[in-house]
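Visitor:
There are 2 protein chains.
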Amino acid sequence: MKKNDFSGMGERSMDTPGIMKTRNITIYDIAREAGVSAATVSRVLTNNANVRPEKKQKVQALIDKYNFKPNALAKGLSDTRSKIIGIMVADVRNPFYAEIFVACELAAESAGYTVLLCNSLGETSREQKQLELFHEQRISAMIQLGGRVDDLVSDPDYVEAVNQLTNSIPVIVSGRLDGTLCYQVEIDSMKAMDLLMEHLIDLGHRRIALAGGRQDVISSFQKFQRYKQILKNYRIDFRPEYMIEGGYDYQAGHEAMERLLKCDEIPTAVIAINDYAALGVMNSIQEHGYRIPQDIAVAGYDNTQLATLVHPHLTSIDYQYETFGKMLVGTAVTAVEGGEVSRIQLVTPKLMIRASTMPEENAE
Amino acid sequence: MKKNDFSGMGERSMDTPGIMKTRNITIYDIAREAGVSAATVSRVLTNNANVRPEKKQKVQALIDKYNFKPNALAKGLSDTRSKIIGIMVADVRNPFYAEIFVACELAAESAGYTVLLCNSLGETSREQKQLELFHEQRISAMIQLGGRVDDLVSDPDYVEAVNQLTNSIPVIVSGRLDGTLCYQVEIDSMKAMDLLMEHLIDLGHRRIALAGGRQDVISSFQKFQRYKQILKNYRIDFRPEYMIEGGYDYQAGHEAMERLLKCDEIPTAVIAINDYAALGVMNSIQEHGYRIPQDIAVAGYDNTQLATLVHPHLTSIDYQYETFGKMLVGTAVTAVEGGEVSRIQLVTPKLMIRASTMPEENAE
DNA sequence: TCCATTTTTGCAATCGGTTTCATTACGGAC
DNA sequence: GTCCGTAATGAAACCGATTGCAAAAATGGA
Chain A
16 MKKNDFSGMG ERSMDTPGIM KTRNITIYDI AREAGVSAAT VSRVLTNNAN VRPEKKQKVQ
76 ALIDKYNFKP NALAKGLSDT RSKIIGIMVA DVRNPFYAEI FVACELAAES AGYTVLLCNS
136 LGETSREQKQ LELFHEQRIS AMIQLGGRVD DLVSDPDYVE AVNQLTNSIP VIVSGRLDGT
196 LCYQVEIDSM KAMDLLMEHL IDLGHRRIAL AGGRQDVISS FQKFQRYKQI LKNYRIDFRP
256 EYMIEGGYDY QAGHEAMERL LKCDEIPTAV IAINDYAALG VMNSIQEHGY RIPQDIAVAG
316 YDNTQLATLV HPHLTSIDYQ YETFGKMLVG TAVTAVEGGE VSRIQLVTPK LMIRASTMPE
376 ENAE
Chain B
16 MKKNDFSGMG ERSMDTPGIM KTRNITIYDI AREAGVSAAT VSRVLTNNAN VRPEKKQKVQ
76 ALIDKYNFKP NALAKGLSDT RSKIIGIMVA DVRNPFYAEI FVACELAAES AGYTVLLCNS
136 LGETSREQKQ LELFHEQRIS AMIQLGGRVD DLVSDPDYVE AVNQLTNSIP VIVSGRLDGT
196 LCYQVEIDSM KAMDLLMEHL IDLGHRRIAL AGGRQDVISS FQKFQRYKQI LKNYRIDFRP
256 EYMIEGGYDY QAGHEAMERL LKCDEIPTAV IAINDYAALG VMNSIQEHGY RIPQDIAVAG
316 YDNTQLATLV HPHLTSIDYQ YETFGKMLVG TAVTAVEGGE VSRIQLVTPK LMIRASTMPE
376 ENAE
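Just so you know, the protein sequences line up as chains A and B, in that order.
One gets my numbering by counting positions in the first sequence from 1 and adding 15 to each.
One gets my numbering by counting positions in the second sequence from 1 and adding 15 to each.
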């Protein structure tokens, strides 16, 4: 292992038994050995200033030799912000958020930022704590995804905390109701419903039901509205009994389908609010001895891994995570760096057709 | 919104159109208004020094009034380390890692640390970059989970980078081969296999097969070894055709089961290397018209959400994520703070019995 | 009341970068 | 060779905390 041999004293200490600590190399160490000032080394690091090529090379050589990495803390301190983007999600264990997080991580990486993930786990108190954490870390921007806001907006302390943050850094939200001061990057839920409905209607379906989702979640609300609109456009009667609201999990889908199967006329196609609910729907259908898609076609939202784990593979709406992540982080970075970004942006989803709606289609 | 009114100049600027930036409050601002020195405020913050109660109260009141949060960057800079624990996983989109991450986040939170998550995505180059990121952030400790190490250990640059890090901060690894200098927190894979095998043998199974997993992944290797050992203990002949190595996904499980179904004597129970593979196994079984568990019992590892999404619900090994996370973070924190921790620790897994092995057992 | 202790305090240095500003070096024009 | 404008460089201040050290204040004992 290489070490800096120009520092005579105390570069190693044994304060933790068994673990040797190596003193970190600083810009001054490099400067000294290169025979230049720290300012010059800094200029080499930030690259943009004009440094005489020969010196630049010499300094760079030492940087490489000692594998010197500038201290992000010092850097952040001197320009009063860390290059960290805080991301707050309800729960990364939900694959939907996991996908977005990874997409954001990749996008941030190429922009020279780091992402800091926090799970609110749906608890107001945690969400507030995370906000404090972000504040302490002096993050450059915050991305907030999903989660119900009902309880939050009624908590004055929370509102105060968000305002304070919004006042000092760009906040990008998605799938939330708040945000007068925020940037919004949303998935085009209406377009998503369009894609699914047109696909099913093209296949000849006229009895199309919805399973799961709540009116108080903005994206679901939009889907419901669009659903009715599309029916009207196609002159198909809206049947209230075909719109089963509920949660977002397996159970919700299963229960919804059980109710749908009790209708006088059973639907020929069901759109579930997400892949989990779709799985519930599918299991319910199969338990009753119906075939998918011959008797009932099923489609979902999110296009998570689950969609290709079930049988038949599930037709789903892909939220274009890569694009989504890029837009979220891109908006954050542009806003941080003082550029112009539009306040609201939409991501166009894509329909992934699989066997659960088209028997002849091969599962990917 | 509250603001600091004692600072006459430039506390607000309009450099980003439409977004007002508020200058951050510092320890000096508090000190000035309280009529004390910054050192005293710092002592109030860190709590441990002796400050006259009346002053302490006065300062605390101002801290609350302005919702002052000390700058973590400055703090980290002055004690040369940020209170951040870096966590590197292959991919959080894998629910197994997502569970561990959330558990670590919770454990870290109560210890006053922040966790920084990085996905290596199985690429050596990314893993190395994340290491640099950790170094720049001057993290206090690193937790590395899973991932294949074959390519990594052969890359001298990578080894160098890890050594450098290991030399300066505690590194906790799990599910990896390296680690002479590291702390290890492992799940007791042998015990896990014991639990599954004993459960199945108790149920009367004698023809038990394994599906998926590779010899070069340490945890799988241990499972294979233990499997043979247990068979021997119970005087059951080991049949090579019952041990189908492969990957860790749906496909691997499916293919393994297809091969198992071609055996002269079809196994009566199958243990899949994880829940994904188990799902593949189950689907293969059901496609061939067999019933689970009446004809063939199935069990998996990881006890992810998937286990209760499939039908019948899957018997699986629960890795006790909460305990696991606590041990990982606990080890990191103790090591950072100079305490004694044992180099190797084991987490005892737990068997979750569900309908895929016991028909009469109700799914939870 | 006065001196010796023990607590409280504040000053100033430090952590490791960036950046402003003044100074110096350089290259070309005359 | 001199002069001038630009490019290159370094000294020093600054970001916002912590902390060792010394001074000041409070306390207690005689």
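No residue lacks a Cβ here, since even glycine has one placed at the ideal position from N, Cα and C.
Of all the residues that make up the stretch 231-250 of chain B, which are near chain A by a beta-carbon distance shorter than 8 Å?
Guide: The stretch 231-250 of chain B vs chain A, Cβ under 8 Å: nothing.
Visitor: Any beta carbon from chain A within less than 7 Å of G268/B's own beta carbon?
Guide: Indexing the second sequence from 1 puts residue 268/B at position 253. No, because no Cβ of chain A sits closer than 7 Å to the Cβ of G268/B.
Visitor: Let me know the beta strand (DSSP E) ranges lying completely inside the stretch 108-192 of chain A, each 3 residues or longer, listed in chain order.
Guide: Within the stretch 108-192 of chain A, the complete beta strand (DSSP E) runs of at least 3 residues are 129-134, 156-160, 186-189.
Visitor: List, in order along the chain, the chain B residues whose C-beta lies closer than 8 Å to that of G91/A?
Guide: In the first sequence, the residue the question calls residue 91/A occupies position 76. Chain B residues near G91/A: L88.
Visitor: Below 8 Å, how does it come out for the stretch 350-364 of chain A and the stretch 195-204 of chain A: are there three or more Cβ pairs, yes or no?
Guide: They touch, by the three-pair rule.
Visitor: Any beta carbon from chain A within less than 7 Å of V117/B's own beta carbon?
Guide: Locating residue 117/B in the second sequence gives position 102, counting from the first residue. Yes, its Cβ sits closer than 7 Å to a Cβ of chain A.
Visitor: I'd like the span of the alpha helix (DSSP H) that includes I216/B, first residue to last.
Guide: Along the second sequence, read from residue 1 onward, the residue named residue 216/B stands at position 201. Unbroken alpha helix (DSSP H) run through I216/B: 204-217.
Visitor: Looking only at its chain, what residues have a beta carbon closer than 6 Å to the beta carbon of D310/A, apart from the 5 residues adjacent to it on each side?
Guide: Here the question's residue 310/A lines up with position 295 in the first sequence. The answer is none, since no qualifying residue turns up.
Visitor: Would L246/B pass as a contact of Y265/B if the rule is Cβ separation under 7 Å?
Guide: By one-based count along the second sequence, residue 246/B stands at place 231. By one-based count along the second sequence, residue 265/B stands at place 250. Result no, Cβ atoms of L246/B and Y265/B do not sit closer than 7 Å.
Visitor: Measure the beta-carbon distance from H220/A to T283/A and round it to whole angstroms, keeping in mind my assumption that it falls under 8 Å.
Guide: The count along the first sequence starts at 1 and reaches residue 220/A at position 205. The count along the first sequence starts at 1 and reaches residue 283/A at position 268. Confirmed, about 5 Å.
Visitor: Just how far apart, CA to CA, sit I332/A and Y257/A?
Guide: The residue given as residue 332/A occupies position 317 in the first sequence. The residue given as residue 257/A occupies position 242 in the first sequence. Approximately 20 Å, taken between the alpha carbons.
Visitor: Taking V155/A as the reference, give the member of F116/A, I102/A, R141/A with the closest Cα.
Guide: Locating residue 155/A in the first sequence gives position 140, counting from the first residue. In the sequence under discussion, the amino acid at residue 155/A is Ser, which differs from the Val named in the question. The candidate whose alpha carbon is nearest that of S155/A is I102/A.
Visitor: Check the Cβ of T129/A against every Cβ in chain B and list those closer than 8 Å, keeping chain order.
Guide: Within the first sequence, numbered from 1, the residue matching residue 129/A stands at position 114. What T129/A touches in chain B: L131, L148, Q152.
Visitor: Identify the residues that DSSP records as bridge partners of E201/B: which are they?
Guide: Here residue 201/B refers to the residue found at position 186 when the second sequence is read from its first residue. For E201/B, which the question treats as bridged, DSSP gives the partners L361/B.
Visitor: Does S97/B have its Cβ less than 7 Å from a Cβ in chain A?
Guide: Along the second sequence, read from residue 1 onward, the residue named residue 97/B stands at position 82. By this cut-off, S97/B is an interface position.
Visitor: Just by C-beta distance, which residues in the stretch 256-283 of chain B are closer than 8 Å to chain A?
Guide: Cβ contacts with chain A come from Y265.
Visitor: What residues from the stretch 311-330 of chain B come within 8 Å of chain A, judged by C-beta to C-beta, listed N to C?
Guide: Cβ contacts with chain A come from Q320, L321, T323, L324, H326.
Visitor: Kindly give me the distance between the Cβ atoms of A287/A and A207/A, rounded to whole angstroms, as I take these residues to be in contact under 8 Å.
Guide: Within the first sequence, the letter at position 272 stands for residue 287/A. Within the first sequence, the letter at position 192 stands for residue 207/A. Their Cβ separation, rounded to whole angstroms, is 13 Å, which puts A287/A and A207/A out of contact at 8 Å.
Visitor: Using the beta-carbon count (16 or more within 10 Å), is S140/B buried or exposed?
Guide: Here residue 140/B is taken as the residue at index 125 of the second sequence, counted from 1. Exposed is the call here.
Visitor: Measure the alpha-carbon distance for E376/B versus S97/B and round it to whole angstroms.
Guide: The residue labelled residue 376/B in the question sits at position 361 within the second sequence. The residue labelled residue 97/B in the question sits at position 82 within the second sequence. Caution is warranted here: a pLDDT of 46 is assigned to E376/B, below 50, making its placement in the model unreliable, and the coordinate value is therefore given only provisionally. Using only the alpha carbons, I get a separation of about 50 Å.
Visitor: Looking only at C-alpha atoms, which of R222/B, D217/B, Y263/B, L210/B sits nearest to S235/B?
Guide: Sequence index remark: in the second sequence, residue 235/B carries index 220 (1-based). The option with the nearest alpha carbon to S235/B is Y263/B.
Visitor: Starting from L343/B, find everything on chain A with Cβ-Cβ shorter than 7 Å and list it in chain order.
Guide: The residue labelled residue 343/B in the question sits at position 328 within the second sequence. Correct list: empty, because the minimum Cβ distance to chain A is about 16 Å.
Visitor: Measuring straight from C-alpha to C-alpha, what distance separates M272/A and M367/A?
Guide: The residue given as residue 272/A occupies position 257 in the first sequence. The residue given as residue 367/A occupies position 352 in the first sequence. C-alpha separation (whole angstroms): 22 Å.
Visitor: Under a three-way DSSP split, which group does M103/B fall into?
Guide: Working through the second sequence from its first residue, we reach residue 103/B at position 88. M103/B: strand per DSSP, three-state reduction.
Visitor: Quick one: is G25/A near chain B, going by C-beta distance under 7 Å?
Guide: Counted from its first residue, the first sequence places residue 25/A at position 10. Only weak support exists for where G25/A lies, its pLDDT of 30 falling under 50; the value from the coordinates is given anyway. No, its Cβ sits nowhere closer than 7 Å to a Cβ of chain B.
Visitor: By the DSSP assignment, the beta strand (DSSP E) with Y316/A in it spans what residues?
Guide: If you number the first sequence from 1, residue 316/A lands on position 301. Note, Y316/A: beta strand (DSSP E), 312-316.
Visitor: Can you pull the chain A neighbours of A113/B, defined as C-beta to C-beta under 7 Å?
Guide: Start at 1 with the first residue of the second sequence, and residue 113/B comes out as number 98. Within 7 Å Cβ-Cβ: V107, R108, A113.
Visitor: Verify the CB distance criterion: does L294/B have a CB-CB separation below 7 Å to chain A?
Guide: Working through the second sequence from its first residue, we reach residue 294/B at position 279. By this cut-off, L294/B is an interface position.
Visitor: Cβ of N134/B less than 7 Å from any chain A Cβ?
Guide: As a first step, residue 134/B is located in the second sequence; it is residue number 119 there, counting from the start. Closer than 7 Å: yes.
Visitor: Indicate whether at least one CB of chain A lies closer than 7 Å to the CB of N65/B.
Guide: Here residue 65/B refers to the residue found at position 50 of the second sequence. Answer no: the Cβ-Cβ gap between N65/B and chain A never drops below 7 Å.
Visitor: Looking only at its own chain, which residues have a Cβ that is under 6 Å from the Cβ of F111/A, when we skip the five neighbours before and after it?
Guide: For the purposes of this step, residue 111/A is identified with residue 96 of the first sequence, where counting begins at 1. Same-chain partners within the cutoff: D317.
Visitor: Under a three-way DSSP split, which group does M272/A fall into?
Guide: Taking the first sequence and counting its residues from 1, one reaches residue 272/A at position 257. Three-state result, M272/A: helix.
Visitor: What whole-angstrom Cβ distance do A89/A and L92/B have, given they're in contact under 8 Å?
Guide: Residue numbering aside, residue 89/A sits at position 74 when the first sequence is read from its first letter. Residue numbering aside, residue 92/B sits at position 77 when the second sequence is read from its first letter. Between L92/B and A89/A the Cβ distance is about 5 Å, and since that is below 8 Å, they are a contact.
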